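**Q** The structure follows.
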Amino acid sequence: MVGILVNILLTTSLSAAENLGFPHSPVPQCNETRLLLEIEHCGEIFKKQMAHVDPQHWCNLTHFISEYNFFSDCTEAKAQAVDCFWPNPLVENYIIQIHKHFFFNCTVETVVWVDPSDDMLAVLILIPILLTLAMIALVVWCSKRSDILA
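The opening position of the sequence shown corresponds to residue 624 in my numbering, with each subsequent residue numbered one higher.
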C-alpha cells in the first residue's frame with residue numbers, strides 16, 4: 624500500500640519547487656523541420672559565395688575563410704533562433720554534406736618521414752656532446768682562473 628502511494632506521488636511529479644509556488648518556465652523545443660529549412664538558406668548563401676571562388680582554391684582556406692565563417696555563424700544563429708542547440712546532429716550532417724560537395728578532393732598529402740643518413744645522425748649526436756664537454760671545460764678553466772685572480 625505504501626509503495627502505491629509513493630508511486631502516485633512520484634508520477635504526479637510533486638516537488639519542493641511546486642510546493643513553494645515557483646513558476647515553471649516552459650522548456651523550448653527544437654523545431655527540426657524549421658531548422659533544416661533555415662540552415663538550407665545558409666547553405667544557399669554559402670554556395671553563391673563559393674561560386675565566386677576559383678575551384679582551384681577550394682582547398683585553400685585562406686581564399687574563402689570569410690565565407691566559411693559567415694556560413695558557420697549563420698547556422699549557429701539559425702539553430703538558436705529555432706530553439707535548437709548548436710552544433711547538433713542535423714546541422715553537423717548538413718555541414719558534412721557541404722564539405723562533401725566543395726571539399727571532397729582536398730586530401731592532405733601524407734608526409735613520409737625518412738630517417739636521416741648515418742653521417743647526419745652522427746653530426747646531430749656529436750654536436751650536443753661536444754658542446755657539453757666544451758662548457759664543462761670552460762667552467763673548470765674559469766673556476767681555476769678565479770682562484771688565481773683572488
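Every residue, glycine too, gets a C-beta built ideally from N, C-alpha and C.
Remember, it's a predicted structure, so these values are computed and weren't measured experimentally.
1. Can L658 be considered in contact with the ligand FAD, in the sense that its beta carbon sits closer than 6 Å to one or more heavy atoms?
2. Do G666 and I721 come within 7 Å of each other at the CB atom, strictly closer than that value?
3. Is the distance from the Cβ of V714 to the Cβ of I668 below 7 Å?
4. With a 10 Å radius around its C-beta and 16 neighbouring C-beta atoms as the bar for buried, classify S766 as buried or exposed.
5. Contact check, C729 vs C682 under 8 Å by CB: the rounded distance?
6. How would you call L754, buried or exposed, if buried means at least 16 neighbouring beta carbons within 10 angstroms?
7. DSSP three-state label for G626, please.
**A** So, from the listed chains and residues:
1. The ligand content of the structure shown is nil, which means the ligand FAD is not present either.
2. Yes, these two residues count as a Cβ contact at 7 Å.
3. No. Outside cutoff.
4. Exposed, since its Cβ has fewer than 16 Cβ neighbours within 10 Å.
5. Contact flag correct, Cβ pair sits at about 4 Å.
6. Burial call: exposed.
7. Confidence is the limiting factor: at G626 the pLDDT is only 48, short of 50, which leaves the residue's position unreliable, though a coordinate-based value still follows. In the structure shown, G626 sits in a helix (DSSP, three-state: H, G or I).
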